[in-house]
Amino acid sequence: CSFKRGSNCPAKIYLLFHASNFEVTLFQAIIQHDHRTVSKQTGIPFEVKNVIIELFQNGYTTPKAILSELDKRKIIQPKASQISSFLVTLRRKFYGPAQIGLNHIKNWCIEKSIIPNDPDQCFVANYYIKDGDADPLFRLFVTTKNLMKNCLNSNHVCADATYKLIWQGYPVLMVGTTDKQCAFHPFGIALCINEQTTDFEFIFKSVQLTV
174 CSFKRGSNCP
184 AKIYLLFHAS
194 NFEVTLFQAI
204 IQHDHRTVSK
214 QTGIPFEVKN
224 VIIELFQNGY
234 TTPKAILSEL
244 DKRKIIQPKA
254 SQISSFLVTL
264 RRKFYGPAQI
274 GLNHIKNWCI
284 EKSIIPNDPD
294 QCFVANYYIK
304 DGDADPLFRL
314 FVTTKNLMKN
324 CLNSNHVCAD
334 ATYKLIWQGY
344 PVLMVGTTDK
354 QCAFHPFGIA
364 LCINEQTTDF
374 EFIFKSVQLT
384 V
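Dropping the structure here:
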């Protein structure tokens, strides 16, 4: 049936191309067309998209945070990759294209890489920028001397996204430790395009190098 691509209409034809000659045999189902059936939706359902938009506007800007909220609300959960693609669309819709280019970020990182004398003045402890292809990438870690002192006596490290704090539509990643009263003591912040294993590896490596 040529009514609609992906249609579940039962009226179908099949062509058999014979290997021994140039003949073709046509098989046709003796069934009437039925265009009332709707093919199964492969993307994120419309209702779920509306919920994701609401969550995004309330500060939930990563697939991990959105999946957690959908689970709490007992709403069907799309794949993380589907949410990630949808978030790219939302960022462009709400924030527009990024106004700061990678060259500007690189120059800023170089300028701020000098460790200041003021223990409370921030500096870029580590950065990684990849440009010149279809998948640009940047990672940078910002801290202060006093914040890095929190590393000296810590036995564990915590890292996650701060969903209420974003830059150019991307979440700011926090890294630090907690004390016996569960109070959080930051080591610094990181800005990354993604929130993947390699991004967290960059953060932990940056802390290690800075200490």
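Using the working numbering, read the sequence shown as starting at 174 and increasing by one per residue.
From the three backbone atoms N, C-alpha and C, an ideal C-beta is built for every residue, glycine too.
Please report how far the alpha carbon of residue i lies from the alpha carbon of residue j, in whole angstroms.
{"i": "Glu284", "j": "Gln230", "result": "33 Å"}
{"i": "Phe377", "j": "Lys185", "result": "57 Å"}
{"i": "Asp244", "j": "Phe190", "result": "49 Å"}
{"i": "Gln205", "j": "Leu228", "result": "45 Å"}
{"i": "Lys266", "j": "Glu220", "result": "18 Å"}
{"i": "Ile203", "j": "Ala192", "result": "26 Å"}
{"i": "Asn319", "j": "Asn326", "result": "13 Å"}
{"i": "Thr262", "j": "Asn223", "result": "13 Å"}
{"i": "Arg264", "j": "Cys324", "result": "34 Å"}
{"i": "Leu257", "j": "Phe195", "result": "Checking the sequence shown, residue 257 turns out to be Ser, not Leu. Those two C-alpha atoms are separated by around 48 Å."}
{"i": "Asn328", "j": "Pro251", "result": "36 Å"}
{"i": "Ile287", "j": "Ile339", "result": "25 Å"}
Give every residue of the same chain whose Cβ lies closer than 6 Å to the Cβ of residue i, excluding the five residues on either side of it in the sequence, and list them in chain order.
{"i": "Ile302", "result": "Leu275, Lys279, Phe311"}
{"i": "Leu317", "result": "The sequence shown places Thr at residue 317, not Leu. Around Thr317: Asp293, Cys295."}
{"i": "Ala298", "result": "Phe314, Thr316, Ser379, Thr383"}
{"i": "Val197", "result": "Leu188, Phe190"}
{"i": "Asp304", "result": "Leu275"}
Using beta-carbon positions only, say whether residue i and residue j come within less than 8 Å of one another.
{"i": "Thr235", "j": "Pro359", "result": "no"}
{"i": "Leu346", "j": "Cys331", "result": "no"}
{"i": "Ile239", "j": "Tyr233", "result": "yes"}
{"i": "Val315", "j": "Gly361", "result": "yes"}
{"i": "Tyr300", "j": "Cys282", "result": "yes"}
{"i": "Ile249", "j": "Pro218", "result": "yes"}
Short of 8 Å in beta carbon distance, which residues of its chain neighbour residue i, apart from the five on each side in sequence? Order them along the chain.
{"i": "Asp333", "result": "Leu346, Met347"}
Using C-beta distances below 7 Å, list every residue in its chain close to residue i, excluding the 5 sequence neighbours before and after it, in chain order.
{"i": "Ser254", "result": "none"}
- Query: What are the uninterrupted segments assigned as beta strand (DSSP E) that are 3 or more residues long and contained completely in the stretch 357-381, given in chain order?
  - Reply: 357-365
- Task: Scan the stretch 264-329 and note each continuous beta strand (DSSP E) run of 3 residues or more that stays entirely inside, going in chain order.
- Result: 296-303, 310-316
- Enumerate, from N- to C-terminal direction, the unbroken alpha helix (DSSP H) stretches of 4 or more residues contained entirely within the stretch 220-246. 236-245
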